[in-house]
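Contents: one structure, followed by commentary.
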Amino acid sequence: MFKSDPFHAGEREIQERTGERGEALLNGRLISNRIPAGARSFLSQQQYCILGWAVTQNDIWAAFIAGQPGFAECDEAGLSVSLHLDEGHAAIPPYGAMRLGDPFGMLFIDLSSRRRLRVNGSLAELSKDRLRMDVAEAFPNCPKFIQRREARPRAPSAERGVIEQGHCINDELKAWISGADTFFVASAYPNGPVDVSHRGGALGFVQLDDGCLRIPDYPGNSMFGTLGNFAVNPRAGLMFLDFQTGRQLQMTGDVRLDLDAGESSGETGGTGRWWEFTPRRWIVSPLNKGLEWKLIESSPFNP
123 MFKSDPFHAG
133 EREIQERTGE
143 RGEALLNGRL
153 ISNRIPAGAR
163 SFLSQQQYCI
173 LGWAVTQNDI
183 WAAFIAGQPG
193 FAECDEAGLS
203 VSLHLDEGHA
213 AIPPYGAMRL
223 GDPFGMLFID
233 LSSRRRLRVN
243 GSLAELSKDR
253 LRMDVAEAFP
263 NCPKFIQRRE
273 ARPRAPSAER
283 GVIEQGHCIN
293 DELKAWISGA
303 DTFFVASAYP
313 NGPVDVSHRG
323 GALGFVQLDD
333 GCLRIPDYPG
343 NSMFGTLGNF
353 AVNPRAGLMF
363 LDFQTGRQLQ
373 MTGDVRLDLD
383 AGESSGETGG
393 TGRWWEFTPR
403 RWIVSPLNKG
413 LEWKLIESSP
423 FNP
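Residue numbering for the sequence shown is 123 to 425, as defined by this note's numbering.
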């Protein structure tokens, strides 16, 4: 633990506007400048994580990356996190645009146990077989809105899938998004930390209106890392997994906050808050490692 108030101006703005500043300061005590000792074994057991980074000031991306259990590890002091890579990782777009020193984020999440750890920092090493991030912040999150899924290794396809990309989302992608119960979002403070977060809900919780995604903001930990970034840098990278086909949909685009919509039919879990995402570019690609997913249970917290 290292700061009595670890929040930036955007986070404080949303905390004060929602009346949750006091709770945010209490929960902010969990934020550390290193991987907590109790989380290091959890991190080393994971077989996948979600990365977030800013390619330019305008383009933020999130990407799913997988490996054998143990492909992620931290040093003894918890000050850096390394991922051991294979040849499949370099094909994850736009992996090649990463640069040393860039702000970087990781989300380690075990969907089967609903446990997650968010880590923010800067990219310290990048090679064909290793990625290392120096840690600036690390903290756990609650299990709310996570659908329980088990992931088991699956033999990769003999043919590597085609990478598709475009600017306007088509009918196939709209169906993918509308049928999702889970996605991940990367956001960033201007020229600063990148944060990766999970979003989940009942099937169809993400609404679509003429190519714009409308997303409810459910009750959370009151720290507002994602919405706080949006308040000062209204851009995001979204990533949707296709749990059946082993693909990911990555999108980068612009965000608009709607914090005063009000609550009419319970769609926001009582907050009355929404945010809208308009994609500027999308990429569909196969996951770098074959995984077979089994849905165990939807979250009991889903509105």
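Each residue gets a CB set at the ideal place from its N, CA and C atoms; glycine is no exception.
Legend entry - Spatially closest choice to D251 from S235, C264, E272, H211, by CA coordinates: Stepping through the sequence shown from its first residue, residue 251 is reached at position 129. Nearest C-alpha to D251: H211.
| message | Cutting at 7 Å between CB atoms, please list the residues of its own chain near G288, excluding the five before and the five after it. | response | Taking the first residue of the sequence shown as position 1, residue 288 is located at position 166. If you ignore the 5 residues before and after G288, its C-beta comes within less than 7 Å of the C-beta of W404, all in its own chain and listed in chain order.
Practice item. Report buried or exposed for A310, applying the criterion of at least 16 other Cβ atoms within 10 angstroms of its Cβ. Key: What you label residue 310 is simply residue 188 of the sequence shown in a count that begins at 1. The residue is buried, with at least 16 neighbouring Cβ atoms inside 10 Å.
Counting Cβ pairs closer than 8 Å, one from the region 143-155 and one from the region 184-195, do we hit at least three? no
* Would DSSP call G144 helix, strand or coil? -> Taking the sequence shown and counting its residues from 1, the one referred to as residue 144 is at position 22. Three-state DSSP puts G144 in a helix.
query: In three-state terms, what does DSSP make of L349?
result: Residue numbering aside, residue 349 sits at position 227 when the sequence shown is read from its first letter. Note: L349 maps to helix in three-state DSSP.
* Asked: Using the beta-carbon count (16 or more within 10 Å), is S154 buried or exposed?
  -> Taking the first residue of the sequence shown as 1, we reach residue 154 at position 32. By the neighbour-count rule (16 or more Cβ atoms within 10 Å), S154 is buried.
For this session: Please confirm whether G174 and V316 have their CB atoms less than 8 Å apart.
Result: Residue numbering aside, residue 174 sits at position 52 when the sequence shown is read from its first letter. Residue numbering aside, residue 316 sits at position 194 when the sequence shown is read from its first letter. Closer than 8 Å, so yes.
Quick check: does the Cβ of I418 come within less than 7 Å of any heavy atom belonging to the ligand FMN?
With respect to the ligand FMN, the structure offers nothing, as it holds no ligand at all.
Separation of R369 from S300, as counted between CA atoms
Here residue 300 refers to the residue found at position 178 when the sequence shown is read from its first residue. Here residue 369 refers to the residue found at position 247 when the sequence shown is read from its first residue. Roughly 16 Å between the two C-alpha positions.
**Asked** With T390 and P338 assumed to form a contact (beta carbons below 8 Å), what rounded beta-carbon distance in angstroms separates them?
**Response** Walking along the sequence shown from the start, residue 390 turns up at place 268. Walking along the sequence shown from the start, residue 338 turns up at place 216. Between P338 and T390 the Cβ distance is about 4 Å, and since that is below 8 Å, they are a contact.
Exercise for review: Could you give the DSSP three-state label for Q167: helix, strand or coil?
Suggested key: In the sequence shown, the residue the question calls residue 167 occupies position 45. In the structure shown, Q167 sits in a helix (DSSP, three-state: H, G or I).
Going along the chain, which unbroken runs of the beta strand (DSSP E) with 3 or more residues stay wholly within the region 306-393?
Complete beta strand (DSSP E) runs here, min 3: 316-322, 329-331, 334-338, 357-364, 369-380.
Checklist entry - Residue ranges of each beta strand (DSSP E) run of no fewer than 3 residues wholly in the region 207-240, ordered along the chain? => result 225-232
Between which two residues does the beta strand (DSSP E) containing L407 stretch? Reading the sequence shown from its first residue, position 285 is the one you call residue 407. Note that residue 407 is Ser in the sequence shown here, rather than Leu. S407 -> beta strand (DSSP E) spans 396-408.
Just tell me which of E419, F423, R378, N424 has its CA closest to the CA of R270. On the sequence shown, residue 270 is found 148 positions in, with the first residue counted as 1. Answer by Cα proximity: E419.
How is K250 classed by DSSP in three states: helix, strand or coil? Taking the first residue of the sequence shown as position 1, residue 250 is located at position 128. K250 falls in the coil class under three-state DSSP.
What span of residues does the beta strand (DSSP E) with I268 cover, start to end?
For the purposes of this step, residue 268 is identified with residue 146 of the sequence shown, where counting begins at 1. Looking at the DSSP string, I268 is not in any beta strand (DSSP E), and its letter there is neither H nor E.
Subject >> Rounded Cβ spacing between E259 and L253 (contact assumed at less than 8 Å) >> reply: In the sequence shown, the residue the question calls residue 259 occupies position 137. In the sequence shown, the residue the question calls residue 253 occupies position 131. Going by Cβ atoms, the distance from E259 to L253 rounds to 18 Å, so no, they are not a contact pair.
- Query: What are the start and end residues of the beta strand (DSSP E) that includes G299?
  - Reply: Locating residue 299 in the sequence shown gives position 177, where the first residue counts as 1. One detail in the question is off: residue 299 reads as Ile in this sequence, not Gly. No beta strand (DSSP E) holds I299; the alpha helix (DSSP H) holding it covers 293-300.
- [ ] Could you check how far apart the C-beta atoms of L165 and I172 are, in whole angstroms? I think they sit under 8 Å.
- [x] Start at 1 with the first residue of the sequence shown, and residue 165 comes out as number 43. Start at 1 with the first residue of the sequence shown, and residue 172 comes out as number 50. Their Cβ separation, rounded to whole angstroms, is 13 Å, which puts L165 and I172 out of contact at 8 Å.
**Asked** Taking G342 as the reference, which of N292, I268, I285, R276 has the closest Cα?
**Response** In the sequence shown, residue 342 corresponds to position 220, counting from 1. For the residues N292, I268, I285, R276, the minimum Cα distance to G342 belongs to I268.
Assign T374 to one of two classes, buried (16 or more other C-beta atoms within 10 Å of its C-beta) or exposed (fewer than that).
The count along the sequence shown starts at 1 and reaches residue 374 at position 252. Buried, by the Cβ-count rule.
With which residues is D256 paired in a DSSP beta bridge?
Within the sequence shown, the letter at position 134 stands for residue 256. DSSP lists S202, S244 as partners of D256.
| message | For the beta strand (DSSP E) containing K411, name the first residue and the last one. | response | Within the sequence shown, numbered from 1, the residue matching residue 411 stands at position 289. K411 -> no beta strand (DSSP E), and no H or E assigned at all.
Buried or exposed by the 16-neighbour rule on C-beta atoms within 10 Å, applied to A302
Numbered from its first residue, the sequence shown carries residue 302 at position 180. With at least 16 other beta carbons inside 10 angstroms of its own, A302 counts as buried.
Whose CA, out of P408, V328, S126, R274, lies closest to the CA of K296?
-> In the sequence shown, residue 296 corresponds to position 174, counting from 1. Among P408, V328, S126, R274, the Cα nearest to that of K296 is on V328.
Fill in: Residues of its chain near L239, where Cβ-Cβ distance is below 6 Å and the 5 sequence neighbours each way are ignored
Along the sequence shown, one-based indexing puts residue 239 at 117. Only A161, F230, P262 meet the Cβ criterion.
Name, in chain order, the residues that DSSP records as bridge partners for P275.
Reading the sequence shown from its first residue, position 153 is the one you call residue 275. L413.
Requested in this report: State the beta-bridge partners of E133 as determined by DSSP.
Outcome: By one-based count along the sequence shown, residue 133 stands at place 11. Beta-bridge pairing links E133 to no other residue.
When S344, Q168, G347, M361 are compared against G322, the one with the closest alpha-carbon: Counted from its first residue, the sequence shown places residue 322 at position 200. Ranking the options by Cα distance to G322, first place goes to M361.
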